[in-house]
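Inspection log for the structure reproduced underneath, given as structure tokens.
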Amino acid sequence: MTKILVANRGEIACRIFRTLRDMGISSVAIHSEGDKDSPHLDEADEAVEVEGNDPAKSYLNIQGILEAAGKTGATAIHPGYGFLSTNPKFPSACERAKLTFIGPTSAAMTALGDKRSARATAERCGIPVVPGARECDSPESAQAVADRVGYPILVKAAGGGGGRGLRQVEDAASLPEAFAAARREAESSFRDGRMLVEKFIHPARHVEIQILGGGKRAVAFGERECSLQRRFQKVIEESPSPGLSGSLRASMADAAEKLAAAAGYTNAGTVEFLLGPDGSWYFLEVNARLQVEHPVTEARFGVDLVAAQVDLALGGPLPAPAEPRGHAIEARINAEDPGRDYLPMTGRVAALRWPQRPDLRVDGGIREGQEVLPWFDPLLGKIIAWGHDREWARRRLLGGLRDLVLAGVPTNQRFLIDTLESEFFIQGETFTTTLESHSWTPPEPSKEMLVAAATAAAPPAPKSKSASPWRARGSWRMGS
Amino acid sequence: MKRVVRLKCRGRVHNVEVDGTEKVPRRAAIVPVPGGVWVSLDGHCEFFEPVLGSVPLPSRAADPEVRAPMTGRIVAIRVKPGDAVREGDVLVVLEAMKMEYRVAAPAAGTVATVRVSERDRVEIGTVLVTMSPP
Chain D
1 MTKILVANRG EIACRIFRTL RDMGISSVAI HSEGDKDSPH LDEADEAVEV
51 EGNDPAKSYL NIQGILEAAG KTGATAIHPG YGFLSTNPKF PSACERAKLT
101 FIGPTSAAMT ALGDKRSARA TAERCGIPVV PGARECDSPE SAQAVADRVG
151 YPILVKAAGG GGGRGLRQVE DAASLPEAFA AARREAESSF RDGRMLVEKF
201 IHPARHVEIQ ILGGGKRAVA FGERECSLQR RFQKVIEESP SPGLSGSLRA
251 SMADAAEKLA AAAGYTNAGT VEFLLGPDGS WYFLEVNARL QVEHPVTEAR
301 FGVDLVAAQV DLALGGPLPA PAEPRGHAIE ARINAEDPGR DYLPMTGRVA
351 ALRWPQRPDL RVDGGIREGQ EVLPWFDPLL GKIIAWGHDR EWARRRLLGG
401 LRDLVLAGVP TNQRFLIDTL ESEFFIQGET FTTTLESHSW TPPEPSKEML
451 VAAATAAAPP APKSKSASPW RARGSWRMGS
Chain E
481 MKRVVRLKCR GRVHNVEVDG TEKVPRRAAI VPVPGGVWVS LDGHCEFFEP
531 VLGSVPLPSR AADPEVRAPM TGRIVAIRVK PGDAVREGDV LVVLEAMKME
581 YRVAAPAAGT VATVRVSERD RVEIGTVLVT MSPP
């Protein structure tokens, strides 16, 4: 009997558990001490606490997770994204413990998850890579690369991702400091201080191909454009990319399949490319895991990528290529303040109502009353809209974002709405630097909002203290 | 009756005139929490903190001093030394700009001293009442 432990929390754990229920597979959640009331526990059949020195460490505790699997009789582990998902030691440890790892094998993960070796494989396959792209152990060697390819350059962690250990460097003067800062971040985030230096392509689109690998062969499931990023973290993703022609799309998908097959890649992965302003494109890196933005592909191709991952890991065949239809856009709801440099925010979710609409999907990982803690990723949930064309997907997503009620923690909700309504988004003019160059200031609250707040703040002549809304903890209302 | 409610939002104070006849859209979510209110309307969600008001300061049981939340005149004193009060009980009523504000106990306790008298003018931050734990 298959029983799957999900070594994760938040929206992705919830999302995986839902598919496991649909597949009739029993499931186990793990949690840190502080997460014992978190929503992902409700979605699983069982839950086990895993020790950790701080709350995030529980989800990084390989030994503790394997023990939890042993205790519950789990036969397989899904890592989700983040945490241990791209640590090659995890699939190895699972293998030694006779557990099925739902993801690439340790060897495949190392071959493509490591930026340096992935780039070497790409070059062997004749796939273009970003100029420069050398490992540098000092600011001096980085300078040598810069002299050859010209500024601006990117300095980034060889063993990392998610925007940490990454710096854009404009000139030689700022290189030493940027190099040192990126390396410090890489060492603290990934315990790996190896740095890569490459030419910074500008303006560029970030286009990635979803693949499912079966070892000898891989199948591509279209692209996702994820150019809209802040601090190198994606916020809005869509498929298809508004900047990709049919022939370009086919070449990228072909390159991704070829690369995955060359590395003997197994399970789900994403091959990332940069698309330059002149239509030139370059291999960037492989994310050897399920990605946050995978629902965009699911909406367009009618596949369940988690189900496909489970089937593949249990020895099933590669699914047949699917025909895409329409357009899908995802927005990430983050606990952050886009008006103050996307500062992560914490607080208690005082009110929550997700939107409902045809072809609108919500992947949420929070509930009313929950504390949003400072130790984890600020992602609270995702809203994904499908439409028969881009404009309809955009309108649905906007409608969903306007209907969303999420109070108690500051979020980027209004920022997402303004971005989806901006001229550059409507025109599909989205580049990796677009959000940086369009600074956003939160609009003033409308008259209606102020009146609503005022009537709640000072109700006319309260008769007793119980009439004061300030005492009405835990209840909220719509309008009046 | 026309009133002005002062609300702080993202560091800016807004003076909102209300007379009780205003209609708030039914789709607005109004979420009172300790210390203020969240309002979410059409995807715009903000936190509003009353600058002056009948609102008890955020619960700080350790702080034995209850201070004037605004500059004004004392119109009523509802407690005397030795009174046991519960959190939220009105201690003093202040008036300013023709509006009354009730200053409430931030936590349960016993009134130690009352530092003001009726009709006194007080500045914002003036200690009105001191309290000791229950």
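Chains D and E, in that order, give the protein sequences.
When the letters of the first sequence are read in order and numbered with the working numbering, they come out as residues 1 to 480.
When the letters of the second sequence are read in order and numbered with the working numbering, they come out as residues 481 to 614.
Even glycine gets a Cβ: it sits at the ideal position worked out from N, Cα and C.
Since the model is a prediction, treat every value here as computed from it, not as a measurement.
(1) With H, G and I counted as helix, E and B as strand and the rest as coil, what does DSSP make of S534/E?
(2) Where does L450/D land, buried or exposed, given buried means 16+ other C-beta within 10 angstroms?
(3) Who are the near neighbours of A97/D in its chain, counting only those whose CB is closer than 8 Å to its CB and skipping five residues on each side?
(4) What distance in whole Å lies between the Cβ atoms of R506/E and G479/D, which are believed to be in contact at a cut-off of 8 Å?
(5) Return the residue from the list K382/D, D337/D, G400/D that minimises the CA-CA distance to F415/D.
(6) In chain E, which residues lie with their C-beta within 7 Å of the C-beta of T455/D?
(7) By the 10 Å Cβ neighbour count, where 16 or more other Cβ atoms means buried, how is R492/E classified, buried or exposed?
(8) Assign E497/E to buried or exposed, taking buried as 16 or more other Cβ atoms, counted over all protein chains shown, within 10 Å of its Cβ.
(9) Find the residues of chain D that neighbour I510/E, judging by a C-beta separation of less than 7 Å, and give them in chain order.
(10) Can you tell me whether Q427/D is buried or exposed? The criterion is at least 16 other CB atoms within 10 Å of its CB, across all chains shown.
(11) Compute the Euclidean distance between the alpha carbons of Y81/D and L60/D, then round it to the nearest angstrom.
(12) In whole angstroms, what separates the C-alpha of D278/D from that of D22/D?
(13) Only counting the same chain, and skipping five residues up and downstream in sequence, which positions put a Cβ closer than 6 Å to that of K36/D?
(14) Can you list, in chain order, the stretches of the alpha helix (DSSP H) that have 4 or more residues and sit fully within the stretch 230-308 of chain D?
(15) Looking at the structure shown, is A218/D part of a helix, part of a strand, or coil, going by DSSP?
(16) Output needed for E598/E: all residues of its chain with C-beta closer than 8 Å, excluding positions within five of it in sequence on either side, in chain order.
(17) Just reading off the alpha helix (DSSP H) that A76/D is part of, what are its end residues?
(18) In whole angstroms, give me the CA-to-CA distance for P544/E and P445/D.
(19) Let me make sure I understand the geometry here. Which of T266/D, A172/D, G126/D has the alpha-carbon closest to that of A146/D?
(20) Residues of chain E with CB under 8 Å from R414/D, in chain order?
(21) So who's on the other strand from I510/E, going by DSSP bridges?
(22) Assuming G276/D contacts A204/D under a Cβ cut-off of 8 Å, what Cβ separation, rounded to an integer in Å, is found between them?
(23) If we require 4 or more residues per run, which alpha helix (DSSP H) segments fall completely within the stretch 95-125 of chain D?
(24) Roughly how many angstroms lie between the CA atoms of G73/D and S92/D, to the nearest whole one?
(25) Once you ignore the five residues that flank A56/D on each side, which residues in its own chain have a CB closer than 7 Å to its CB?
(26) For S612/E, collect the residues of the same chain with a Cβ closer than 7 Å to its Cβ; drop the 5 residues on either side in sequence, then sort them by chain order.
(27) Can you find a C-beta in chain E that's less than 8 Å from the C-beta of P442/D?
(28) Going by C-alpha to C-alpha distance, which of S58/D, I62/D, G339/D, I30/D sits closest to A47/D?
(29) Can you check DSSP and say which residues form a bridge with C489/E?
(30) What's the gap between the Cα of W386/D and the Cα of L259/D?
(31) What does R507/E reach in chain D if we use C-beta pairs closer than 7 Å?
(32) Give a yes or no on whether the C-beta atoms belonging to V602/E and V559/E are separated by under 8 Å.
(33) Would E421/D count as contacting chain E if we go by Cβ distances under 8 Å?
(34) With DSSP as the reference, please indicate the residues paired to R134/D in a beta bridge.
(35) How would you label S534/E, buried or exposed, when you count the other beta carbons within 10 angstroms and need 16 or more for buried?
(36) Hey, does I383/D have any beta-carbon neighbour from chain E nearer than 8 Å?
On the basis of the supplied data:
(1) Caution is warranted here: a pLDDT of 42 is assigned to S534/E, below 50, making its placement in the model unreliable, and the coordinate value is therefore given only provisionally. If DSSP states are grouped into helix, strand and coil, S534/E belongs with coil.
(2) buried
(3) L66, A69, G70
(4) 4 Å
(5) D337/D
(6) V498, E502, V504
(7) exposed
(8) exposed
(9) A452, A456, W476, R477
(10) exposed
(11) 12 Å
(12) 45 Å
(13) none
(14) 246-262, 294-301
(15) strand
(16) I554, V555, A556, I557
(17) Here A76/D belongs to no alpha helix (DSSP H); instead the beta strand (DSSP E) covers 76-78.
(18) 36 Å
(19) A172/D
(20) G523, H524, C525
(21) R477/D, V519/E
(22) 6 Å
(23) 106-113, 115-124
(24) 19 Å
(25) W375, F376
(26) P544, G589, T590, A592
(27) yes
(28) I30/D
(29) R492/E
(30) 30 Å
(31) M478, G479
(32) no
(33) no
(34) V197/D
(35) In this prediction, S534/E has a pLDDT of 42, which is less than 50 and means its spatial position is unreliable; what the coordinates show is noted afterwards. Classification for S534/E: buried.
(36) no
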